[in-house]
Structure formats: structure tokens, C-alpha cells
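Our numbering applies: residue 4 is where the sequence shown begins, and numbers increase by one. Idealized CB from N, CA, C, for every residue including glycine. Take a look at the structure below.
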Amino acid sequence: MNITIPARSIPVKETVQVLVVGGGPAGIGAAVSASRMGFDTMLLEKRGFLGGNVTASYVETCNYFMKGTGFGPQGIAGEIEADYDRAYPSDDVRPGAPHRFHSECLKVYLDDLLKREKVKLKLHSFVNEALVSDGLIKGVVIQTKKGPQAIQADIVIDCTGDGDVAFAAGVPFEQGRERDGLCQPGTVSLRLAGADTAFLMKDGDGLRELSRRFNEEYRAGKTGLPCYRQDLPFGRLTQAGVVSYVNYACSYRLDPTDPDDLTRGEQECRHFILDIWRYMKDNYPGMEKTEIASMSPEIGFRDSRRIKGEYRLTVEDTEGRKHFEDCIAEYPRFYDMLTPDPMMLKAGDGELSGGGYRGHIYEPIVDQRYIEVPYRCLLPVNVDNLLVAGRCISADHVAESGVRAISLCTMTGQAAGTAAGLSLRGGCSPKKISTGELRAILKAGGFRLSETGA
Ligand SMILES: Cc1cc2nc3c(=O)[nH]c(=O)nc-3n(C[C@H](O)[C@H](O)[C@H](O)COP(=O)(O)OP(=O)(O)OC[C@H]3O[C@@H](n4cnc5c(N)ncnc54)[C@H](O)[C@@H]3O)c2cc1C
4 MNITIPARSI PVKETVQVLV VGGGPAGIGA AVSASRMGFD TMLLEKRGFL
54 GGNVTASYVE TCNYFMKGTG FGPQGIAGEI EADYDRAYPS DDVRPGAPHR
104 FHSECLKVYL DDLLKREKVK LKLHSFVNEA LVSDGLIKGV VIQTKKGPQA
154 IQADIVIDCT GDGDVAFAAG VPFEQGRERD GLCQPGTVSL RLAGADTAFL
204 MKDGDGLREL SRRFNEEYRA GKTGLPCYRQ DLPFGRLTQA GVVSYVNYAC
254 SYRLDPTDPD DLTRGEQECR HFILDIWRYM KDNYPGMEKT EIASMSPEIG
304 FRDSRRIKGE YRLTVEDTEG RKHFEDCIAE YPRFYDMLTP DPMMLKAGDG
354 ELSGGGYRGH IYEPIVDQRY IEVPYRCLLP VNVDNLLVAG RCISADHVAE
404 SGVRAISLCT MTGQAAGTAA GLSLRGGCSP KKISTGELRA ILKAGGFRLS
454 ETGA
């Protein structure tokens with residue numbers, strides 16, 4: 004059954020040149036780069052803080068997969084890590100990670116960064132309508148306690164992770180696995196207090212050892228826990244006994260855009276968190292006295308809608324290291340896809356050749372292999388002045404499991420923000436800008452981009 008909502012007029016709250024929706028890794032890259040191009044830029048974020056999954060799901064160890072590979076974060080992502088470290092020296096006693104944020108400090112750091120970079124910010128601004136006419140997006144509608152308000156813009160960049168703006172603008176999309184539309188599981192993360200840091204660290208990294216042990220116990224069918232999660236990754240461990248991130252609770256077969264599925268996922272994950280906490284207390288020395296400090300504020304997703312763009316990046320492209328003349332990011336080749344089928348975990352890890360249909364895919368970085376992301380993946384079909392960045396760009400499901408890497412999301416954001424600036428400067432559609440010029444600016448900003456795209 005449908006009902007018709009009567010047309011009503013709503014206030015235009017503001018008009019800007021570049022409007023970025025979503026304040027996660029991609030949105031930060033997009034907003035900072037558009038503002039640096041000299042354009043009046045605003046960022047809208049539905050939550051009360053910035054950082055996306057890094058702060059909302061405690062994913063503080065963003066680039067764990069780069070450890071020892073010779074690759075590092077590029078452009079604004081690299082600038083942020085270095086600058087953040089100066090402002091907030093680490094309290095982490097674990098060795099070996101390339102970099103770890105303290106997600107609560109990162110919230111403050113990002114607030115300050117956007118102020119310094121002259122980006123206007125509106126938190127608590129949920130966007131679910133786009134103002135589109137004649138193939139152009141004129142702005143968006145935010146839902147506020149004061150009712151809906153319109154923000155107008157010349158160019159909009161969708162960095163919502165879920166492609167909410169593109170969806171509202173009528174852009175076609177894919178979601179989940181090609182065969183059945185299933186996404187990777189959603190996760191609510193756990194933060195613990197009261198770990199025995201001295202004990203855990205007395206013979207090296209005791210948390211790493213617990214992760215290894217849990218995986219062994221899971222595979223041997225010994226845990227007796229209802230959650231189908233074979234891994235137990237941890238974040239920072241501090242002298243104060245805080246384990247900042249336990250990435251365990253996984254709820255499967257959820258549509259990340261459906262409120263009923265989200266409700267089920269949040270509730271299921273909370274129980275899984277209690278289960279794993281009790282399991283650790285009962286079985287793992289050093290964890291006996293832990294308390295739950297917090298559960299992350301909202302269930303987080305690794306994939307969701309992927310918008311239909313002018314080009315769709317495929318696993319064949321990334322495996323074949325396909326070269327693109329409009330390449331805007333070269334990034335180490337790896338894939339990390341939690342299986343959408345919980346039962347498959349019992350059968351062991353999947354392989355890339357299974358295309359996401361045979362279990363969890365994890366392909367680490369090997370040699371100096373890298374993938375190329377073409378600019379056209381950021382350009383949605385049908386709407387001329389809309390760009391998309393982050394995990395919802397145009398890609399197939401397995402390729403997305405590499406594209407979703409946090410620092411790559413900041414890079415695609417940076418490319419989108421720079422492209423928006425070039426489009427405004429040239430008075431042309433983002434689809435018509437010079438990709439040579441775009442690449443040159445990104446390269447000057449710290450991106451590694453091979454001369455010929457080859
Ligand atoms: C538990 C977990 C562990 C992970 N581990 C890793 C890891 O170790 N390494 C790694 O590289 N990646 C990891 N990922 C994936 C990574 O976090 C994401 O791929 C990445 O954060 C995507 O960045 P993004 O900016 O595209 O989207 P997000 O981080 O999802 O940010 C989107 C932002 O947009 C806002 N938003 C959404 N919809 C709207 C709307 N309609 N209106 C206004 N604002 C909106 C959100 O509140 C959010 O702030 C993990 C993800 C999860 C959930």
C-alpha cells in the first residue's frame with residue numbers, strides 16, 4: 004500500500020558550491036580537497052561526529068593490511084595520519100600495526116581539521132531526498148528536528164557509504180553479491196576496560212596470540228558460540244587496560260538500508276558481544292577482569308549499495324592489473340570479504356576464484372601488485388553534476404572488497420573533491436573535465452600515479 008504525501012514548500016537553508024554528504028573517510032577527503040580548490044564547501048553528516056566507520060565502528064587500525072608491504076596511505080589520508088600523530092601521541096602498547104587512531108581523539112581532530120580547512124559542517128543532518136531536474140542535482144533535503152530543510156549546491160558528492168544521495172536521485176545501483184544480493188555481515192564492535200596489560204604483554208603481543216587461539220578453537224568447533232565469526236581481531240591495548248576494538252559480532256543476511264534488518268542486526272550483535280565477552284573472561288588469562296566499556300554506537304557495514312557509474316571496476320580488471328588512462332588511484336591489490344553465507348565459514352576460507360561464493364576471501368598484498376581505479380567509477384550514470392566516492396563507487400562485489408579500504412576511500416574522496424573543483428573552475432560537467440589535469444593535481448598532492456597510467 005502507498006500513500007501520497009502532499010507537496011509542501013520547505014526552507015532553503017543554505018546554498019554552497021560543493022556539497023559533500025557523509026563525513027567518513029571518503030567525505031573527509033572530498034570536502035578538504037574541494038575546499039582547497041578554493042570553493043565554498045559544506046559537509047553534511049547524519050551522526051553527531053565525523054569519521055564514519057573509523058569512529059562509529061572503532062575501526063582504528065585502518066591500514067593493517069599494509070604492514071611490511073612498502074605501501075602507505077597517500078594524499079590527504081597520509082597527511083591526516085602524520086598530523087594526527089603529532090597532535091595525539093599514541094597510548095597503544097601493542098607493537099607492529101602500521102598506525103592506530105584513538106577514535107575518540109580522532110573525532111576532535113577531524114572537527115578541528117574541517118575548521119582549519121574552511122569546510123562548513125552540519126552534523127545531525129540526515130539526507131534522504133535529492134532535488135533533481137533535467138539530469139542535474141540542485142541540492143538535497145536534510146531531515147532535522149525543525150522539519151525538512153533544503154541545501155542547494157552546484158555539485159554534490161555522495162560519500163554516504165550506502166549511496167543514499169545517488170539512490171534518491173534515481174541512479175541505478177547494485178547491492179551485495181551478484182547471485183543473490185547478499186552483503187557482507189554487519190558488525191557492532193566492542194570496547195573493553197580492565198584487561199591485564201602487563202600480563203598480556205609479558206611475552207610479546209598477547210592479544211595477537213588470543214586471536215590465533217580463538218581462530219583455532221572456532222575451527223575445531225570448540226567455542227560453542229552462536230555467532231559465525233572465525234576471527235577475533237583486536238585494536239589498541241593501553242596501559243589503562245583498555246582494548247579499544249574487538250571486531251567480533253557479525254549479523255548476516257542483512258540489507259544495510261532496511262530498518263527492520265538493521266534492528267535485527269543491532270539486537271543480534273549486542274547478544275553476540277555479551278557472548279564473546281563472557282567467553283574471553285572465562286577462557287583467556289589477562290581478560291578475567293574485563294568490563295564492557297562500550298558497544299559501538301551503530302552497526303557498521305563493509306559494503307552496501309554500489310552505484311552504477313560510467314565504468315564498473317571488476318575483479319578481472321583488478322586481477323589483470325588493467326591500466327586506465329583516467330586512473331585516479333593506484334592502491335595495493337588485496338581483497339577482504341567476509342562471507343555473506345555464515346555457514347560457509349565451517350568449510351574454511353574461500354578463495355578469490357570462488358568469486359565470493361565459497362566463503363571468506365582474504366588475499367593479502369603480495370609483491371608490489373596494485374590496482375587502478377578509473378575516474379569514471381566515481382561518475383554516476385544519469386545525473387551530470389553528482390559524484391560518488393568511498394565504498395559505494397561503481398565496482399563489482401569482489402572488487403569492492405579491495406576498494407573499501409579506508410585510505411583508498413579517502414583517496415577516491417580526494418579525487419572527487421578535486422574533480423568538483425575542476426568542473427566549477429572550467430564551467431563544465433564533472434564528466435567533461437580533463438582527467439590529465441585531475442591526475443596532475445592528485446599527483447602533486449601525494450598520489451602515486453604512473454605517468455601513462457601504466
Ligand atoms: C567492523 C568493520 C571493520 C572494518 N575493518 C576495516 C579495516 O580493518 N580496514 C579497512 O580499510 N576497512 C575496514 N572496514 C571498512 C571501512 O570501514 C569502510 O569501507 C570505510 O569506512 C568506508 O568509508 P566511506 O567514507 O565510504 O563510508 P563510511 O565510513 O561508512 O562513512 C559514511 C559516512 O556517511 C554518513 N552517512 C551515511 N548516510 C548518510 C545520510 N543519508 N546522510 C548524511 N550522512 C550519512 C555516515 O554516518 C558516515 O559518517 C571495516 C568496516 C567495518 C564495519
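{"query": "Proximity of Y231 and P345 at Cβ, strictly below 8 Å", "result": "yes"}
{"query": "Reference Q233; option with closest CA among L240, A223, L382 and T241", "result": "A223"}
{"query": "Limits of the alpha helix (DSSP H) - the one that F217 falls within", "result": "G209 to R222"}
{"query": "Residues near R180 by beta carbon distance below 8 Å, same chain, minus five either side", "result": "C186, P343, G359, Y360 and H400"}
{"query": "S192 beta carbon near ligand 1 (any heavy atom closer than 7 Å)", "result": "yes"}
{"query": "Sub-8 Å separation of A392 and A29 beta-carbons", "result": "yes"}
{"query": "G164 Cβ short of 7 Å to ligand 1 heavy atom set", "result": "yes"}
{"query": "Own chain, CB closer than 6 Å to G2, minus 5 neighbours either side, in chain order", "result": "Given a span of 4 to 457 for the chain in the structure shown, any question on residue 2 remains unanswerable."}
{"query": "Span of the beta strand (DSSP E), counted from its first residue to its last, around I8", "result": "It is not in any beta strand (DSSP E) - I8 carries neither H nor E in the DSSP assignment."}
{"query": "Identity of the residue in L22, E269 and T421 nearest A447 by Cα", "result": "T421"}
{"query": "Where Q178 falls, given that 16 or more other Cβ within 10 Å makes a residue buried", "result": "buried"}
{"query": "Chain-order list of residues whose beta-carbon lies under 7 Å from that of V15 (same chain, five-residue window excluded)", "result": "A153 and Q155"}
{"query": "Those residues which DSSP pairs with D95 across a bridge", "result": "T241"}
{"query": "As assigned by DSSP and simplified to three states, the class of L381", "result": "helix"}
{"query": "8 Å contact criterion, which K110 and T44 should meet: CB distance rounded", "result": "About 20 Å; that fails the 8 Å criterion."}
{"query": "Where G142 sits in the DSSP three-state scheme", "result": "strand"}
{"query": "Stretch pair the segment 377-386 + the segment 115-131: three plus CB contacts closer than 8 Å", "result": "no"}
{"query": "Top-ranked residue by Cα proximity to S299, from R50, G25 and V24", "result": "R50"}
{"query": "A201 beta carbon near ligand 1 (any heavy atom closer than 7 Å)", "result": "no"}
{"query": "Ligand 1 heavy atom lying under 7 Å from the CB of G71", "result": "no"}
{"query": "CA-to-CA distance, G244 to E212, given in whole angstroms", "result": "17 Å"}
{"query": "Neighbour-count burial assignment, A90, 16 or more Cβ in a 10 Å radius", "result": "exposed"}
{"query": "Whole beta strand (DSSP E) elements within the segment 11-81, 3-residue minimum", "result": "15-24 and 44-47"}
{"query": "Nearest neighbour of I140, chosen from S453, R281, L445 and P433 [CA to CA]", "result": "P433"}
{"query": "M414 - containing alpha helix (DSSP H), residue span", "result": "I409 to G429"}
{"query": "Three or more C-beta pairs below 8 Å linking the segment 288-304 and the segment 190-197", "result": "yes"}
{"query": "Beta-carbon spacing of V191, I302 below 8 Å", "result": "yes"}
{"query": "Backbone CA spacing between V406 and L389 [nearest angstrom]", "result": "20 Å"}
{"query": "Status (buried if at least 16 other CB within 10 Å, exposed otherwise) for F202", "result": "exposed"}
{"query": "Cβ shell of D165 (< 7 Å), same chain only, five flanking positions each side left out", "result": "P259, T260, S307, R308 and C395"}
{"query": "Continuous alpha helix (DSSP H) stretch holding A398: start and end", "result": "No alpha helix (DSSP H) holds A398; DSSP gives it neither H nor E."}
{"query": "D263, buried or exposed, once every other Cβ within 10 Å from all chains shown has been counted against 16", "result": "exposed"}
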